[in-house]
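J.: One structure coming up, written as C-alpha cells, with questions to follow.
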Amino acid sequence: MNLASPSRAKSVVHLGDADPASLLDFADGFIRRHIGPSDDEVSQMLASLGFSELDEMSAATVPPEIRLERELDIPAPRGESEFLSALKTIAGKNKVYRSCIGMGYSATVTPPVILRNVLENPGWYTQYTPYQAEIAQGRLEALLNFQTMIADLTGLPLAGASLLDEATAAAEAMGMCAAIHNHKKTGFFASDECHPQTLALLETRARGLGIDLIVGPIAEVNFDHGDGGLCGLLVQYPTTDGRVQDYRELTASAAAKNCLVVAAADLLSLAILEAPGNWGADICVGSAQRFGVPMGLGGPHAAFISTHEKHARKLPGRLIGVSKDSHGNRALRMAIQTREQHIRRDKATSNICTAQALLAIISSFYGVYHGPNGLRQIARRTQAYTCALAKGLTRLGHTIVGNGPIFDTIRISLGKGRIHAARQVSDAARERQINLREYDDGTLGVTLDETSDRALVADLLAAFNFGHYTGFDVDSLVIEAAGEGMMSFGSLARTSDFMTHEVFHSHRSETQMLRYIFKLMGRDLSLAHSMIALGSCTMKLNATSEMIPVTWPEFANIHPFAPDTQWRGYTQMFRELERWLCEVTGFAAVSLQPNAGAQGEYAGLLVIRAYHEHAAALEGRENVRDVCLIPTSAHGTNPASAVMAGMKVVPIKCDDHGNIDMVDLRLKVEQNRKQLSALMVTYPSTHGVFEATIREVCDVVHQNGGQVYMDGANMNAQVGLTSPGKCGADVCHLNLHKTFCIPHGGGGPGMGPIGVAEQLLPFLPGHPVQRPDTAGEFAIGPVAAAPYGSPSILTISYVYIAMMGGAGLRKATQMAILNANYMAKRLADHYDVLYTDAGGRVAHEFIIDCRDFEKTAGIKIDDIAKRLMDYGFHSPTMSFPVPGTLMIEPTESESKAELDRFCDAMISIRAEIEAVEKGELDREDNPLKHAPHTMGAVTADQWPHAYSRDQAAWPMEWLRDAKFWPAVGRIDNAYGDRNLICSCPPMEEYS
Numbered sequence: 001m002n003l004a005s006p007s008r009a010k011s012v013v014h015l016g017d018a019d020p021a022s023l024l025d026f027a028d029g030f031i032r033r034h035i036g037p038s039d040d041e042v043s044q045m046l047a048s049l050g051f052s053e054l055d056e057m058s059a060a061t062v063p064p065e066i067r068l069e070r071e072l073d074i075p076a077p078r079g080e081s082e083f084l085s086a087l088k089t090i091a092g093k094n095k096v097y098r099s100c101i102g103m104g105y106s107a108t109v110t111p112p113v114i115l116r117n118v119l120e121n122p123g124w125y126t127q128y129t130p131y132q133a134e135i136a137q138g139r140l141e142a143l144l145n146f147q148t149m150i151a152d153l154t155g156l157p158l159a160g161a162s163l164l165d166e167a168t169a170a171a172e173a174m175g176m177c178a179a180i181h182n183h184k185k186t187g188f189f190a191s192d193e194c195h196p197q198t199l200a201l202l203e204t205r206a207r208g209l210g211i212d213l214i215v216g217p218i219a220e221v222n223f224d225h226g227d228g229g230l231c232g233l234l235v236q237y238p239t240t241d242g243r244v245q246d247y248r249e250l251t252a253s254a255a256a257k258n259c260l261v262v263a264a265a266d267l268l269s270l271a272i273l274e275a276p277g278n279w280g281a282d283i284c285v286g287s288a289q290r291f292g293v294p295m296g297l298g299g300p301h302a303a304f305i306s307t308h309e310k311h312a313r314k315l316p317g318r319l320i321g322v323s324k325d326s327h328g329n330r331a332l333r334m335a336i337q338t339r340e341q342h343i344r345r346d347k348a349t350s351n352i353c354t355a356q357a358l359l360a361i362i363s364s365f366y367g368v369y370h371g372p373n374g375l376r377q378i379a380r381r382t383q384a385y386t387c388a389l390a391k392g393l394t395r396l397g398h399t400i401v402g403n404g405p406i407f408d409t410i411r412i413s414l415g416k417g418r419i420h421a422a423r424q425v426s427d428a429a430r431e432r433q434i435n436l437r438e439y440d441d442g443t444l445g446v447t448l449d450e451t452s453d454r455a456l457v458a459d460l461l462a463a464f465n466f467g468h469y470t471g472f473d474v475d476s477l478v479i480e481a482a483g484e485g486m487m488s489f490g491s492l493a494r495t496s497d498f499m500t501h502e503v504f505h506s507h508r509s510e511t512q513m514l515r516y517i518f519k520l521m522g523r524d525l526s527l528a529h530s531m532i533a534l535g536s537c538t539m540k541l542n543a544t545s546e547m548i549p550v551t552w553p554e555f556a557n558i559h560p561f562a563p564d565t566q567w568r569g570y571t572q573m574f575r576e577l578e579r580w581l582c583e584v585t586g587f588a589a590v591s592l593q594p595n596a597g598a599q600g601e602y603a604g605l606l607v608i609r610a611y612h613e614h615a616a617a618l619e620g621r622e623n624v625r626d627v628c629l630i631p632t633s634a635h636g637t638n639p640a641s642a643v644m645a646g647m648k649v650v651p652i653k654c655d656d657h658g659n660i661d662m663v664d665l666r667l668k669v670e671q672n673r674k675q676l677s678a679l680m681v682t683y684p685s686t687h688g689v690f691e692a693t694i695r696e697v698c699d700v701v702h703q704n705g706g707q708v709y710m711d712g713a714n715m716n717a718q719v720g721l722t723s724p725g726k727c728g729a730d731v732c733h734l735n736l737h738k739t740f741c742i743p744h745g746g747g748g749p750g751m752g753p754i755g756v757a758e759q760l761l762p763f764l765p766g767h768p769v770q771r772p773d774t775a776g777e778f779a780i781g782p783v784a785a786a787p788y789g790s791p792s793i794l795t796i797s798y799v800y801i802a803m804m805g806g807a808g809l810r811k812a813t814q815m816a817i818l819n820a821n822y823m824a825k826r827l828a829d830h831y832d833v834l835y836t837d838a839g840g841r842v843a844h845e846f847i848i849d850c851r852d853f854e855k856t857a858g859i860k861i862d863d864i865a866k867r868l869m870d871y872g873f874h875s876p877t878m879s880f881p882v883p884g885t886l887m888i889e890p891t892e893s894e895s896k897a898e899l900d901r902f903c904d905a906m907i908s909i910r911a912e913i914e915a916v917e918k919g920e921l922d923r924e925d926n927p928l929k930h931a932p933h934t935m936g937a938v939t940a941d942q943w944p945h946a947y948s949r950d951q952a953a954w955p956m957e958w959l960r961d962a963k964f965w966p967a968v969g970r971i972d973n974a975y976g977d978r979n980l981i982c983s984c985p986p987m988e989e990y991s
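Note that full-length UniProt numbering gives residue 469 to position 469 of the sequence shown, counting from 1, and the numbers run on in steps of one.
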C-alpha cells in the first residue's frame, strides 16, 4: 500500500442518505471504475487549476464556436453484468455454422494455453508498439519467432513482423515491386485465380500508386504490359479454387524479363508443399489466420510478407532484428526504422502504423506449440480428409474441376442443370449447418481445415447426395485416395526442413509452454504495470468486461462471407455502433471497413478523391484536384496516406505557438486553388492545443473547393464537447484502439472507421463479395480484405460506449483534459511546457521541451526515455512532433496517485540532470547515460560507476515495493542495422 497516496474513503456513499430508487441501479458503476481519480481528487485537481467544476474547465478550454451545446444522443449507461447479459442475447442471433467457404479464411483451434494466457491476458494485449525495446523483449522475441516461422515456411529469408490482412499484403507487395524498380516499370499482372477480395483491393491501390494493373489468366501474361513492362505479377498458391499449380517455368520467364513474382500462399499448405522461395518467387504474402486465430467475421488476423534480404529497405511494415545491448548481450529491437512513415513521411515504404502484432504473436505461439511435426500432421490430416471427400464426390458422379494435386480445397461441377442442383446441395448443406462456396457458374467449392473430421466429410457427402447419407466409410476413402496418388504433390512436395530452431522443439508439454509464455510476458512493460503516458497514442484502460465478448464463439467463429442471415447479431451491433459514432462525430454515415487508423486515413482520402472525380464527370471535365495540404506537425501517416491515394503533398507551416500558420495556409490555398483536393488536420492540434482558428481553417478550404480531412488521433479530447462535424470537417477516421478502448496489443490490432458528411456518403467503400450496408452508390473499392474490417474487436468499442453512455463519454473527455492540465501544471516548474492556448491551458496532451539539456548537461531525449524505465515507466512519445521533446498524455483512467507518481519520476530525473549541470554527476558516468539498469548489472560483483547502485535501481521509494526490471541494457541500434539478422539465430552465438 502506498501510504502517501490520497485515500478514496471520503467518496463512500452512505446508503441511508441515498435516493431509494437509486439503490436499484448500478449503471454508473462502470463509469466510476473507468475514470481513475475519485471525486475528491477531481476537486483537488480542479482547484489547483483555478476551477470548481469540470464544465467550467472544459468551457474555458474548448473554443466557444465549436462547443457542443447538448448532450450526446446515446442511451444511458448500462451496468457491466446487465449489458454483458444483453450482449449474449445479441450474440445468440449469430449462427455458428461449420465453414467450408475457404477464400483465405479457415476454422482453427486456438490452443487453450494460448487463448487464456495470451489473447485474453492484459499482460499481452495492453503493451505498446515496441519502440522502447529494452522493456519489450518478450513480444520482440515472439515476433522474431513469427518472422522465423514465416521465412522458413515460405523459403524466403527475410520476413516482416506482420501486415493487416492477405489482400492488403498483396497490395503492399505490388507497391514494393514498383519501388524496387524505382517506379520505372508501371505494369503489374494479377492472376484471375487469386481470391476475389485480393483482386479488388489491388484495383483500389493501383490507381493511387500509378500502377497499370491487369487481371487475367496466367497463361496470357504479357511481360511488356505497362510503361517499361511488368514490375511484378501475383499468383495464388494453391489457387482460390484449390489447384496446386507449378509456377517454375513462369518464374524463370519472369526473371528473364526482370519481373518480380509475388506468391499469395496458404501458410498451412507450406508444411507439405514446396516453399515459394524454392520455386522462384521473389516475395510471398498471405494470412496467418489459420495458425490459431479465430475467423471473427474477417479479423483481426496477421498477414505475412517475406522476401530476399536485398529488398530489406523496401519491405513495408515493421521488421524485428537482433542486436546487442550495452553489456554485449543479445537484444532485440525494431530494425531499420528509417523506412517507416514517421521518419520518411511522404517517401515511406508504406503508411502502416498499426499492424497486427498481437495476432502475429498468437500465430507464433501456435507454431511454437505445434512445432514443424505438428504442423505437418495438421496439414496431412486436412489434405487426407479433402482427398477422401473428392473421392466420395466422384463416386456420386460429380466432377472435380481441374487436374493435378489438391490440398484443402476442391471445386465441384454437378453436371447439367447444375445451378438448380447447386441450390439443392447448398440447401442440404445448410440444413446440416455447413456453408459452401457458391460460384456464379453453378459450381460449388469446399475447403476443409484442422477442425474437419469424419462427421463433417460424411455430412458433406450427404449434402452432395441431395440430402441422403451415402454410407461411405471415410477411412476407406482416405486409403483409396492415397492409393490412387491423390495425396501426392509429385515434384512440388516439400522436402526441405523448416522451423529447425530449438524454440520450435522445446515446448511440447503445457507446463513448458505456459512457462515460456509467462517468461516472455515478464520481459515486457504493459498497462498491467504502470501508466503509459504516450502522447497521441492514448494508452487508455481496456476494461476486462469490454474484452470478454471477443472470444465468445458466436462472434469468433463466423466466416466473413457467410450468408448475412447467419450474423444478425453482428448486424445489430454494426448498426448501433455506426449510429453512435455518427452522433459522436457529427457526421451522416460511418464505414466500419478500414482495419487500422492509417487505413482509415487512406480510405477517407480515396472518398474525397472519388467525390472530386464524380463532380468533374458531371461537369464533363477531367478532375485536376489532387493537392493535399498537410501541416508540418502532422503524423507521418498523413503524408504517406496522401501519396498512396495519388495526391501531391503541400506542407503548411505552423506558427511559434504550434498552430496552423493562417498566412501560409491562405497562401498555399491560393497557389493551389484549382488543384486543391483536401486539407488534413489533427484536432486538437498535434501540439496538444485546441486551436481557436479551426472553423476559419475549414472555411478557407471549403471556399476554394477543397474538403477537410480530420485525423481522429486526438478524438478522445472531443467526444461530447465538440465534434469533427461541428468543427467543419468533412471526413474523419476514428482510432478505435485509442479513443474507444481497443487495446494496442503490442502494435495492433486496431480499427479506423471513417465518418463522412452527407456529400461524401455515396462514395463509402464497397466490397466484391459481401457488400457492406454503408457502401455508397458510387462506392470506392475495398480498403480491407473483409467487408467490415476486423469485426470481432468492434465488440470492445461497442461495449465501452454502451456502458459509458453519452454522459460518461463526455466525462471521460473532460477527465482526460483535466489530468493533462494537472500534470502540465505540476511539471511546469521543472520543464518548459512548449505549447498552450491563450489561457495557458493544454488539451488532453502536452509537450515538454528537453532540447536545452543536451547543451547544458549532454543529456539527450533518449537518455530521459531510458532512465524512466528505471522508475518503472514507459517513455512518453519522443521527438514528435518536435525533435528533442516529450509528448505526455495521461488518459482519463489513471488515478491522481499514478499521475503524481509519474510526475515525481520526471521531477527526480530533472534533478539528476541538474546534478550533471552543476558537476555533481559526471557528464558521461551518470544514471541517465547508463540507463536502463538491469538486475544483472546492479547485482554484479563489480560496480564501475561513481553513482550508487541504489540511485541506479531504486531512485524512488515506491520501487522498493514493486520493481520492473528491464530485460536488457541499452540497445545498440546502429550495430543491429549494420548486421541485419531478422530470424532466430543459433542460440550458441549468444551463449
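Glycine included, each C-beta is placed from N, C-alpha and C at the ideal position.
What are the boundary residues of the alpha helix (DSSP H) that includes G806?
T.: For this step, residue 806 is matched to residue 806 along the sequence shown. Note, G806: alpha helix (DSSP H), L794 to L827.
J.: The ligand HEM heavy atoms versus the CB of R380: any closer than 8 Å?
T.: In the structure on display, the ligand HEM does not appear, and there are no ligands present to speak of.
J.: Judging by CA-CA distance, which residue of E134, A91 and V118 is the nearest neighbour of residue 998?
T.: The shown model of the chain, from 1 to 991, leaves out residue 998, and the question about it has no answer.
J.: Taking the beta strand (DSSP E) that A678 falls in, what are its first and last residues?
T.: Locating residue 678 in the sequence shown gives position 678, where the first residue counts as 1. Note, A678: beta strand (DSSP E), L676 to T682.
J.: Please check if any C-beta of chain D sits within less than 9 Å of the C-beta of G522.
T.: Although the question refers to chain D, the structure presented lacks it and comprises just one protein chain.
J.: Quick one, are the C-beta atoms of K99 and A562 less than 9 Å apart?
T.: Residue 99 sits at position 99 when you count from the first residue of the sequence shown. Residue 562 sits at position 562 when you count from the first residue of the sequence shown. Just to set this straight, residue 99 is Ser in the shown sequence, not Lys. Contact flag set, yes.
J.: In the DSSP output, what is P631 paired with across the bridge?
T.: As a position in the sequence shown, residue 631 is number 631, starting the count at 1. DSSP lists I652 as partners of P631.
J.: In angstroms with no decimal places, state the Cα-to-Cα distance between N329 and S323.
T.: Taking the first residue of the sequence shown as position 1, residue 329 is located at position 329. Taking the first residue of the sequence shown as position 1, residue 323 is located at position 323. Cα-Cα distance, rounded: 8 Å.
J.: Considering Cα atoms alone, identify which of E71, K963 and I66 is closest to L525.
T.: Indexing the sequence shown from 1 puts residue 525 at position 525. Closest by alpha carbon: K963.
J.: Near D655, what residues of its chain come up, given a Cβ to Cβ distance below 7 Å and the 5 sequence neighbours on each side ignored?
T.: Here residue 655 is taken as the residue at index 655 of the sequence shown, counted from 1. Around D655: D661.
J.: Could you tell me the alpha carbon to alpha carbon distance between H183 and M906, rounded to whole angstroms?
T.: Taking the sequence shown and counting its residues from 1, one reaches residue 183 at position 183. Taking the sequence shown and counting its residues from 1, one reaches residue 906 at position 906. Taking the straight line from one Cα to the other gives about 47 Å.
J.: Once DSSP output is grouped into helix, strand and coil, what is the label at H733?
T.: By one-based count along the sequence shown, residue 733 stands at place 733. DSSP places H733 in strand when its eight states are reduced to three.
J.: Let me know the secondary structure DSSP gives N973 once reduced to three states.
T.: One-based indexing of the sequence shown puts residue 973 at position 973. In the structure shown, N973 sits in a helix (DSSP, three-state: H, G or I).
J.: Would you be able to state if there are at least three C-beta pairs under 8 Å between the segment 410 to 427 and the segment 438 to 451?
T.: The answer is yes - the segment 410 to 427 touches the segment 438 to 451, with three or more Cβ pairs under 8 Å.
J.: With 16 other CB atoms within 10 Å as the buried threshold, where does V624 fall?
T.: On the sequence shown, residue 624 is found 624 positions in, with the first residue counted as 1. Answer is exposed; the Cβ neighbour count stays below 16.
J.: For G600 versus S633, is the C-beta distance shorter than 9 Å?
T.: For this step, residue 600 is matched to residue 600 along the sequence shown. For this step, residue 633 is matched to residue 633 along the sequence shown. Not in contact: G600 and S633 (Cβ atoms no closer than 9 Å).
J.: Which of the three DSSP states, helix, strand or coil, is assigned to H612?
T.: Position 612 of the sequence shown holds residue 612. In this structure, H612 counts as helix in the three-state DSSP scheme.
J.: Going by DSSP, what residues sit across from D524 in a beta bridge?
T.: Locating residue 524 in the sequence shown gives position 524, where the first residue counts as 1. Partner(s): A136.
J.: Count the other CB atoms, across all protein chains shown, that sit within 10 Å of the CB of F466; report buried if there are 16 or more and exposed otherwise.
T.: Locating residue 466 in the sequence shown gives position 466, counting from the first residue. F466 should be labelled exposed.
J.: Whose CA, out of E80, Y237 and G138, lies closest to the CA of G746?
T.: Within the sequence shown, numbered from 1, the residue matching residue 746 stands at position 746. It is G138 whose Cα lies nearest to the Cα of G746.
J.: The alpha helix (DSSP H) that contains D711, what's its start and end?
T.: Against the sequence shown, residue 711 aligns to sequence position 711. Per DSSP, D711 belongs to no alpha helix (DSSP H); it is in the beta strand (DSSP E), Q707 to D711.
J.: Taking DSSP as the reference, what is the three-state secondary structure of Y247?
T.: Counting from 1 along the sequence shown, the entry for residue 247 is found at position 247. Coil at Y247, not helix or strand.
J.: Quick check on the DSSP output: the alpha helix (DSSP H) that includes Q424 runs from which residue to which?
T.: Working through the sequence shown from its first residue, we reach residue 424 at position 424. Residues R418 to E431.
J.: When the distance is taken between beta carbons, is G160 closer than 9 Å to S306?
T.: One-based indexing of the sequence shown puts residue 306 at position 306. One-based indexing of the sequence shown puts residue 160 at position 160. Going by C-beta atoms, S306 is nearer than 9 Å to G160.
J.: May I ask you to verify whether the segment 64 to 72 touches the segment 535 to 555, counting CB pairs closer than 8 Å and requiring at least 3?
T.: They do not touch, by the three-pair rule.
J.: Quick one: measure Cβ to Cβ for D246 and V401, integer angstroms, because I've assumed they're closer than 8 Å.
T.: If you number the sequence shown from 1, residue 246 lands on position 246. If you number the sequence shown from 1, residue 401 lands on position 401. Not really, about 18 Å apart at Cβ, beyond 8 Å.
J.: Could you tell me whether the segment 494 to 513 touches the segment 864 to 875, where touching means 3 or more Cβ pairs closer than 8 Å?
T.: No, because fewer than three Cβ pairs between the segment 494 to 513 and the segment 864 to 875 fall closer than 8 Å, the two stretches do not touch.
J.: Apart from the five residues on each side of it in sequence, which residues of its chain come closer than 6 Å, Cβ to Cβ, to S530?
T.: Working through the sequence shown from its first residue, we reach residue 530 at position 530. Cβ within range, chain order: G872 and F873.
J.: List the endpoints of the continuous alpha helix (DSSP H) containing residue 1006.
T.: For the chain, the structure presents residues 1 to 991; residue 1006 sits outside this window and is missing.
J.: Report yes if the CB atom of C284 is closer than 9 Å to the CB atom of A303, and no otherwise.
T.: In the sequence shown, counting from the first residue as 1, residue 284 sits at position 284. In the sequence shown, counting from the first residue as 1, residue 303 sits at position 303. Not closer than 9 Å, so no.
J.: Using only the alpha-carbon positions, how far apart do G187 and E193 sit?
T.: The residue labelled residue 187 in the question sits at position 187 within the sequence shown. The residue labelled residue 193 in the question sits at position 193 within the sequence shown. Distance between the alpha carbons of G187 and E193 is about 18 Å.
J.: Where D212 and R116 are concerned, what is the direct C-alpha to C-alpha distance, given to the nearest angstrom?
T.: By one-based count along the sequence shown, residue 212 stands at place 212. By one-based count along the sequence shown, residue 116 stands at place 116. Taking the straight line joining both Cα atoms gives about 47 Å.
J.: So, at 8 Å on beta carbons, what are the nonlocal neighbours of P77 in its own chain, with the 5 sequence-adjacent residues on each side left out?
T.: Stepping through the sequence shown from its first residue, residue 77 is reached at position 77. Counting only Cβ-Cβ distances below 8 Å, and skipping sequence neighbours, we find A27, D28, F30, I31, A802, M803, M804, G805, A807 and G808.
J.: Pull up the CB-CB distance for C984 and N145, whole angstroms please, since I reckon it's below 8 Å.
T.: In the sequence shown, counting from the first residue as 1, residue 984 sits at position 984. In the sequence shown, counting from the first residue as 1, residue 145 sits at position 145. The Cβ separation is near 7 Å, so the contact holds.
J.: Starting from the C-beta of E691, find all residues in its chain whose C-beta is less than 6 Å away, skip the five residues before and the five after it, and write them out in chain order.
T.: As a working note, residue 691 is residue 691 in the sequence shown. Result list for E691: N659 and S685, in chain order.
J.: Residue range of the beta strand (DSSP E) that E438 falls in?
T.: As a working note, residue 438 is residue 438 in the sequence shown. Taken as a continuous stretch (DSSP letters only), the beta strand (DSSP E) holding E438 covers I434 to E438.
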